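Numbering of the sequence shown is given in this note's numbering, commencing with residue 74 and proceeding in unit increments.
Positions of the beta carbon are idealized from the N, C-alpha and C atoms, including for glycine.
For clarity, every value in this text was computed on a predicted model and none was experimentally measured.
One structure is given here, and the rest of the page talks about it.
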Amino acid sequence: MIVVAREVLWLVGAVLAGVVLGAVASHVLRSPVALRRLLKPSRANSPTSPTSPSSPPPPIEPDTDDAGGSARADPREPPHDDLMDPGDPGEPGHAGLAPVPRATMSDPLTGLASRLMLEDQLASAALRAEARQRRLALLYIDLDGFKAINDSCGYRAGDGLLREVAIRLLTIARSTDTIARVGADEFLMLMDGDPDSAAATLVADRVRQALQRPYQLPGREVRLSCSIGIVIYPDHGSRARLIARADAAMLAAKRAGGNMHCFFDPDMEHDAQDVIDLQRDLRRAIETRTGLELHYQPKVDGRNGHVTGAEALLRWHHPDRGMVSPGVFVPIAERFGLIGSLGQWVTDEACRQMRIWQDLGVDMRVAINLSVHQLRQSDLVERIQESLRRHAVVPDHLTFEITESAAMEDPQASLRLFERLAHVGVHLSIDDFGTGYSSLSYLSKLPASQLKIDRCFVQDVDRDVDARAIVCAVIKLSHALGLTVVAEGVETHAQLDILRRLGCDELQGFLFARPMPARHLQAWLHDHEAATQREGFADSDFQAGDTEPVSPVRKRRPATDPPPA
């Protein structure tokens, strides 16, 4: 009887256990949030943890194409509110959700956490920090110059470089930290464990040092730097604003020259909003062709003072802010993918104006600047040809100025592009010469016809022996290579006299004329000796005595400010 009773009890227990397990399984299968929590591994023990140094991302394979490649990732992945727990306080709930793929929690290229995973970890860490009265730190890491390397070396090499960056970041992170890739070349590092500003600074310095080490890509060695924005929670605001404020601090570091870190300051948020507003307004200006204008600064012959041509300089009249410096809106155009459209507008507008001058009997050669981003456009030559054809402009009257550093970034690609442009019939000029690291062998191969000495040497030529020696050497070198020489930034008669004695071919600067609208240039040509005395001829982003733009982001003056003197 006792044996039978035990067997009955065992059978009843097994049935009850089956009922309970069935109910639990039914609930889990019906709830994607519960399923995700059940399948989610422990960060400390999971062998696939994205932040565990013992399980790094896949090895570098520069020749392996990846669907999650560097240039194809969305740099601004939107928040995934649909994956939040409906039962969590303060979070929106959604019924009838599909199960969440595990792949969305990690970056397919590097194996790091995705933005979704980091936001999930940030929410949990913030709750723990609040309960224990501790702090968190968030580092927003952006690679300086990655796009140029990606464009010149190819996506596969860029993907391999990003994998190496991920490995280096993992070697710095602790087991309690989370590292995520949130954009093409942007990463976030969440530091748990009550870090203060000193600890965050130390980690930021280690990150910069680690990422500065050389990278071995197929056939070449490259170097990178990074800009880092840092926020401390709760010192720098609510959890919902941490990523945005870290991004604002990173942008401040990048605007300051890069290769540095910045802590968040409330003023940065206003600047970041200004950047967003400016890119929206700039996009509208390009689409509607309103507010953009070319100003032209004449070049004169160094021997007789006759006008030889003009450089076209882009200006933007903002409807509310007034004149916005190119030093402000050009980087914004590059960051938000507007530089191609903006550059095409400049080329087309310059050709249109040249056609008008030709019809009026004014023989004016025009020079246009090309940015490093435009050099990587596969259809750049075709776009230039289309503008020349549309406005029936003689290619020989158009010159494209390319900075020395841009030309030497990928000498082989630059050589191919220069040869194609030369075949079209336009002239090519090496701009800002003396500030980069040119290879004279490559310089001699480039089909350029002109070289421009950077203004930093011209400004010191009358008072610095070394600057004068450099200018003299550049002029002799250029003439030996069959190039004409232009000195930009000529502002005094002393500079003019020395440059003439050294044999400089053409001169450009405020001593002769400030950049002016096209409608004034024809009148200026009749008597350019008196041009600086005429009202409106100094209409440019710079005022008399200015050497720099007014501010990194020009803002409207508050009503309480006194009027300018």
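query = Where Phe219 and His379 are concerned, what is the direct C-alpha to C-alpha distance, given to the nearest angstrom?
reply = The straight-line gap from Cα to Cα measures roughly 44 Å.
request  = Just mark Arg247 as buried or exposed, buried being the case when its beta carbon has 16 or more other beta carbons within 10 Å.
outcome  = So Arg247 counts as exposed.
C-alpha gap between Arg481 and Ser451, whole angstroms = As written in the sequence, residue 481 is Met, which differs from the Arg given in the question. Rounded to the nearest angstrom, the two C-alpha atoms are 18 Å apart.
request  = Taking 8 Å as the threshold, find out whether the region 526-545 comes into contact with the region 345-359 through three or more Cβ pairs.
outcome  = The way I'd put it, the region 526-545 doesn't touch the region 345-359; fewer than three beta-carbon pairs between them come closer than 8 Å.
inquiry  = Give me, in chain order, the residues of the same chain whose beta-carbon lies closer than 7 Å to that of His446; leave out the 5 immediate sequence neighbours on both sides.
reply    = Glu407, Ile412.
query = Just the Cα atoms here: how many angstroms apart are Glu579 and Arg362?
reply = Rounded to whole angstroms, the separation of the alpha carbons of Arg362 and Glu579 is 33 Å.
request  = Identify, in the order they occur along the chain, each residue of the same chain with its Cβ nearer than 6 Å to the Cβ of Glu259, setting aside the five sequence neighbours on each side.
outcome  = Taking Glu259 as the centre and dropping the five residues before and after it, the same chain places the C-beta of Asp215 closer than 6 Å to its C-beta, in chain order.
ask   = Based on Cα-Cα distance, which residue from Gln370, Ile240, Ala221, Met178 lies nearest to Gly562?
value = Closest by alpha carbon: Gln370.
message = Quick check: what's the CA-CA separation for Leu550 versus Gly576?
response = As the crow flies, the alpha-carbon of Leu550 is around 12 Å from that of Gly576.
message = If I measure Cβ to Cβ from Phe336 and keep anything under 7 Å in the same chain, skipping five residues before and after, which residues do I get?
response = Around Phe336: Ser270, Ile303, Ala322.
request  = Whole angstroms is fine: what's the gap from Tyr228's alpha carbon to Ala596's?
outcome  = About 51 Å.
query = At which residue ranges does the region 514-558 contain complete alpha helix (DSSP H) runs of 4 or more residues, listed in the order of the chain?
reply = Listed in chain order, the complete alpha helix (DSSP H) runs (minimum 4 residues) inside the region 514-558 are 528-531, 538-553.
query = Got a sec? Which residues, its chain only, sit under 6 Å from His464 by beta carbon, not counting five neighbours each side?
reply = Residues of the same chain with a CB within less than 6 Å of the CB of His464, apart from the 5 flanking positions on each side, are Cys424, Arg425, Arg428 in chain order.
task = In the DSSP assignment, find the beta strand (DSSP E) that holds Ser270 and state where it starts and stops.
result = From DSSP, Ser270 is part of no beta strand (DSSP E) but of the alpha helix (DSSP H) over 270-285.
key: With 16 other Cβ atoms within 10 Å as the buried cut-off, status of Thr384   = At residue 384 the sequence reads Glu, which differs from the Thr that was named. Residue environment analysis places Glu384 among the buried positions, since at least 16 neighbouring C-beta atoms fall within 10 angstroms of its C-beta.
ask   = How many angstroms separate the CA atom of Leu461 from the CA atom of Asp469?
value = Here the C-alpha atom of Leu461 lies approximately 10 Å from the C-alpha atom of Asp469.
request  = Can you check DSSP and say which residues form a bridge with Asp250?
outcome  = Among the bridge pairs identified by DSSP, Asp250 is matched with none.
key: Nearest residue (CA-CA) to Gln523, options Glu477, Gly364, Ala540, Asp483   = Nearest C-alpha to Gln523: Glu477.
query = Quick one, which of Leu242, Tyr288, Gly555, Gln282 has its alpha-carbon nearest Leu516's?
reply = Selected option, being the one with the closest Cα: Gly555.
message = Classify Lys353: buried if its beta carbon has 16 or more other beta carbons within 10 angstroms, exposed otherwise.
response = For clarity, residue 353 is Arg in the given sequence; the question names Lys instead. Looking at its Cβ environment, which holds fewer than 16 other Cβ atoms inside 10 Å, Arg353 is exposed.
ask   = Three-state secondary structure (DSSP) at Val639?
value = The shown model of the chain, from 74 to 638, leaves out residue 639, and the question about it has no answer.
Cα-Cα separation, Pro520 to Thr251 = Approximately 50 Å between the Cα atoms of the pair.
request  = Would you mind giving the Cβ-Cβ distance between Val280 and Cys299, rounded to the nearest angstrom? I have them listed as a contact below 8 Å.
outcome  = Contact between Val280 and Cys299 holds, with the beta-carbon distance rounding to 7 Å and staying under 8 Å.
ask   = When DSSP labels each residue in this structure, what does Leu586 get in the three-state scheme?
value = The sequence as given places Ala at residue 586; Leu does not occur at that position. If DSSP states are grouped into helix, strand and coil, Ala586 belongs with coil.
query = Between the C-alpha atoms of Glu422 and Met396, what's the straight-line distance to the nearest angstrom?
reply = Straight-line Cα distance between these residues: approximately 19 Å.
message = Taking a contact to mean a Cβ-Cβ separation below 8 Å, would you say Ala283 touches Arg241 in this structure?
response = Cβ atoms of Ala283 and Arg241: closer than 8 Å.
ask   = From the DSSP output, which residues share a beta bridge with His334?
value = Ile301, per the DSSP bridge assignment.
task = Please report how far the alpha carbon of Asp217 lies from the alpha carbon of Gly434, in whole angstroms.
result = Each residue's Cα considered, the two are about 47 Å apart.
ask   = From which residue to which residue does the beta strand (DSSP E) around Gln289 run?
value = Its beta strand (DSSP E) spans residues 288-290.
task = Ignoring anything shorter than 3 residues or poking outside the region 451-480, list the beta strand (DSSP E) runs there in chain order.
result = Runs of the beta strand (DSSP E) inside the region 451-480: 471-476.
query = Where does the unbroken alpha helix (DSSP H) through Leu448 begin, and where does it stop?
reply = From DSSP, the alpha helix (DSSP H) with Leu448 extends over 445-448.
query = Should Leu501 be labelled buried (16 or more other beta-carbon atoms within 10 Å of its own) or exposed?
reply = Its Cβ being crowded by 16 or more others within 10 Å, Leu501 is buried.
key: Per-residue burial, Asn442 [other beta carbons within 10 Å of its own, 16 or more giving buried]   = Burial of Asn442 is indicated by the presence of at least 16 other C-beta atoms within 10 angstroms of its C-beta.
request  = Output the residue ranges of the beta strand (DSSP E) runs that lie fully inside the region 345-382 and measure 3 residues or longer, sorted by chain position.
outcome  = 365-374, all fully within the region 345-382.
Glu564 (DSSP reduced to helix, strand or coil) = Coil.
query = Does DSSP classify Gly395 as helix, strand or coil?
reply = The three-state reading of DSSP puts Gly395 in strand, counting E and B together.
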